[in-house]
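Chemist: For the sequence shown, our numbering assigns the number 14 to the initial residue and increments by one for each residue that follows. Below you will find the structure I want to go over with you.
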Amino acid sequence: MRAVFYLWLWRSATEQSRRFIMILLFIASGVMLLLLMLTFDRAFSLKASDPPGADNRLLVLNALSSQMLLPQFYHQKMSQLPALDRLSWGVWVGAYYRHPGWFVPAIAVEDQHYFAMIPSLKIAPGLLERWQNDRQGVLVDSRFAAQYRLKAGDRLPLSSAIWKLAPNPILDLYITGIVEETQTDTPPAVWMHYDYLDSVRQNGKRLVSFFMATPKPGMSAENLSRQIDALFGAERLRGTTQTAPVRMHIKLFMSKLFDFHRVIFWVNLALCLLLALLLSTNFYVMTHKALSDYRTLNYLGFRKSQLIKAVAVQLGAITLAGAIVGIVLSVIFILLLPTLFPAVLNAVEPHFQDYAIGLLLVFILSLVCALPSLLQIARLQEERK
Numbered sequence: 014m015r016a017v018f019y020l021w022l023w024r025s026a027t028e029q030s031r032r033f034i035m036i037l038l039f040i041a042s043g044v045m046l047l048l049l050m051l052t053f054d055r056a057f058s059l060k061a062s063d064p065p066g067a068d069n070r071l072l073v074l075n076a077l078s079s080q081m082l083l084p085q086f087y088h089q090k091m092s093q094l095p096a097l098d099r100l101s102w103g104v105w106v107g108a109y110y111r112h113p114g115w116f117v118p119a120i121a122v123e124d125q126h127y128f129a130m131i132p133s134l135k136i137a138p139g140l141l142e143r144w145q146n147d148r149q150g151v152l153v154d155s156r157f158a159a160q161y162r163l164k165a166g167d168r169l170p171l172s173s174a175i176w177k178l179a180p181n182p183i184l185d186l187y188i189t190g191i192v193e194e195t196q197t198d199t200p201p202a203v204w205m206h207y208d209y210l211d212s213v214r215q216n217g218k219r220l221v222s223f224f225m226a227t228p229k230p231g232m233s234a235e236n237l238s239r240q241i242d243a244l245f246g247a248e249r250l251r252g253t254t255q256t257a258p259v260r261m262h263i264k265l266f267m268s269k270l271f272d273f274h275r276v277i278f279w280v281n282l283a284l285c286l287l288l289a290l291l292l293s294t295n296f297y298v299m300t301h302k303a304l305s306d307y308r309t310l311n312y313l314g315f316r317k318s319q320l321i322k323a324v325a326v327q328l329g330a331i332t333l334a335g336a337i338v339g340i341v342l343s344v345i346f347i348l349l350l351p352t353l354f355p356a357v358l359n360a361v362e363p364h365f366q367d368y369a370i371g372l373l374l375v376f377i378l379s380l381v382c383a384l385p386s387l388l389q390i391a392r393l394q395e396e397r398k
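Quick look at the structure:
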């Protein structure tokens, strides 16, 4: 008898196949959006920590604005920190070829330690030494070289939209060699000598766009970042610093644009309210259409608790099925993000905590949305009295 009863529950839920599929898809899409918002909130949260073994390189920028420069002599103070292993610096060239619209991603970098801090770059043996001895030489990312059919030995004359160059307004550069970036989510670049750029620019001399530092093995990158910022906390005129891992700087930049956490909170609240409204309406209609069947079961001797439990199981099963589909869709979408937007959303990863929170919210919503349906069954029992 019990098996027949639960079989009837299943058939009553799936009798209207279109309605059943639409409810499942609605729950799945709502859960997927909810989980995606939770995942994005975690990924771009300033409190989120990088996983073990993550990149421990620290980027030192001007605390007021990442577009403002810092004095190059700051490296002298930073070099005295006991926890510091390597230190380098660079400046954005703002380079273009012939026309400002033909942008070239050129960076002028310190040539002794910079590339040792980028293990993802594959540089042929002897190439780095040749470049270090070639004042007007540049190293070119293989992707950029392939795009413009460049090769070693080619001349690469560049102009700058940022710096005033003299006596020649053109940076007369030559390609020393081609390097390969193994992390494809990193944008391609062209690297030239910082000393060469500084010798020919008339404005901004001895200023840098950023410093890059790494802690000694066993030392905390977080502690080193605090020590660096403490060194220049009183440098209001020359510029205070903001030191953080590269990924954290992206989060800091986004936090200055808008309150990401607050946006996610209100989006999630709107999703939950919409999900609750539509679920409660659909569940109420489903129960109301089957009310005559419940009345018959009531007359046949099924107790109030049995009917309420049956309706709760039926509605809960539908919600759970939609939630599982939504979780699967959200995982697939998150795993596809690095291929769709490799340079921006590579750090977004699924987390168990987000799905646990999502399932808890769905469980609470299902209880709230089932109340109108359960009240119908309760009133049906009262009518019998």
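Each residue gets a CB set at the ideal place from its N, CA and C atoms; glycine is no exception. Keep in mind that this is a model prediction, so the values were computed, not measured.
In three-state DSSP terms, what is residue 438?
Modeler: Since the first residue of the chain shown is 14 and the last is 398, residue 438 is not available in this structure.
Chemist: Label residue 204 either buried or exposed according to how many other C-beta atoms from any shown protein chain fall within 10 Å of its C-beta, with 16 as the threshold for buried.
Modeler: Classification for residue 204: buried.
Chemist: Closest by CA to residue 128, which one among 249, 258, 154?
Modeler: Residue 128 has its Cα closest to that of 154, out of 249, 258, 154.
Chemist: Can you name, in chain order, every residue of its own chain whose Cβ lies under 6 Å from the Cβ of residue 221, other than the five neighbours on each side?
Modeler: 83, 85, 102, 104, listed in sequence order.
Chemist: So is residue 332 buried or exposed if we call it buried at 16+ other beta carbons inside 10 Å?
Modeler: By the neighbour-count rule (16 or more Cβ atoms within 10 Å), residue 332 is buried.
Chemist: Determine the burial state of residue 249: buried for a count of at least 16 other Cβ atoms within 10 Å of its Cβ, exposed for fewer.
Modeler: Classification for residue 249: exposed.
Chemist: Indicate the three-state DSSP secondary structure (helix, strand or coil) for residue 185 in the structure shown.
Modeler: DSSP places residue 185 in strand when its eight states are reduced to three.
Chemist: Identify whether residue 240 lies in helix, strand or coil by the three-state DSSP scheme.
Modeler: Looking at residue 240 - three-state DSSP - the assignment turns out to be helix.
Chemist: In the DSSP output, which residue or residues are listed as bridge partners for residue 32?
Modeler: BP columns for residue 32 are empty, so no partner.
Chemist: Using 8 Å as the threshold, is the C-beta distance between residue 68 and residue 200 below it?
Modeler: Against a cut-off of 8 Å, the Cβ pair of residue 200 and residue 68 comes out as no contact.
Chemist: Counting only runs that start and end within the region 143 to 204, where is the alpha helix (DSSP H) found for 4 or more residues in a row?
Modeler: With a minimum length of 4 residues, the continuous alpha helix (DSSP H) runs that stay inside the region 143 to 204 are 155 to 161.
Chemist: Per DSSP, what kind of secondary structure is residue 397 in: helix, strand or coil?
Modeler: Bear in mind that the predicted position of residue 397 carries a pLDDT of just 46, short of 50, making it unreliable; the figure below should be weighed with that in mind. Three-state result, residue 397: helix.
Chemist: I need the boundaries of the alpha helix (DSSP H) containing residue 89, first residue and last residue.
Modeler: First-last of the alpha helix (DSSP H) with residue 89: 87 to 91.
Chemist: Tell me which same chain residues have a C-beta within less than 7 Å of the C-beta of residue 334, skipping the five on either side of it?
Modeler: Cβ neighbours of residue 334 beyond the five flanking positions: 37.
Chemist: In angstroms, rounded to a whole number, what distance separates the CA positions of residue 347 and residue 231?
Modeler: So the alpha carbons of these two residues sit roughly 33 Å apart.
Chemist: Would you say the region 375 to 386 touches the region 290 to 301, given that touching needs at least three Cβ pairs under 8 Å?
Modeler: With a cut-off of 8 Å, the region 290 to 301 and the region 375 to 386 count as touching, because enough Cβ pairs lie within range.
Chemist: Once DSSP output is grouped into helix, strand and coil, what is the label at residue 103?
Modeler: Reduced to three states, the DSSP call for residue 103 is strand.
Chemist: Decide yes or no for the touch test of the region 236 to 252 against the region 110 to 120: beta carbon pairs closer than 8 Å, at least 3 of them.
Modeler: Contact fails: fewer than three Cβ-Cβ distances are below 8 Å.
Chemist: DSSP has residue 120 in a bridge; who is on the other side?
Modeler: Paired residues: 105, 204.
Chemist: Expressed to the nearest angstrom, what Euclidean distance is found between the alpha-carbon atoms of residue 95 and residue 123?
Modeler: Taking the straight line joining both Cα atoms gives about 21 Å.
Chemist: Give me, in chain order, the residues of the same chain whose beta-carbon lies closer than 8 Å to that of residue 216; leave out the 5 immediate sequence neighbours on both sides.
Modeler: The residues are 176, 177.
Chemist: State the DSSP-derived secondary structure class of residue 316, mapped to helix, strand or coil.
Modeler: It is coil, neither helix nor strand.
Chemist: Just to confirm, are residue 149 and residue 187 a CB contact at a threshold of 8 Å?
Modeler: For residue 149 and residue 187, yes; Cβs fall inside 8 Å.
Chemist: With H, G and I counted as helix, E and B as strand and the rest as coil, what does DSSP make of residue 214?
Modeler: Note: residue 214 maps to strand in three-state DSSP.
Chemist: Does the count of Cβ pairs from the region 316 to 327 and the region 335 to 343 closer than 8 Å reach three?
Modeler: Output reads no: the region 335 to 343 does not touch the region 316 to 327.
Chemist: Suppose contacts are defined by Cβ-Cβ distances below 8 Å. Is residue 134 in contact with residue 224 by that definition?
Modeler: Going by C-beta atoms, residue 134 is not nearer than 8 Å to residue 224.
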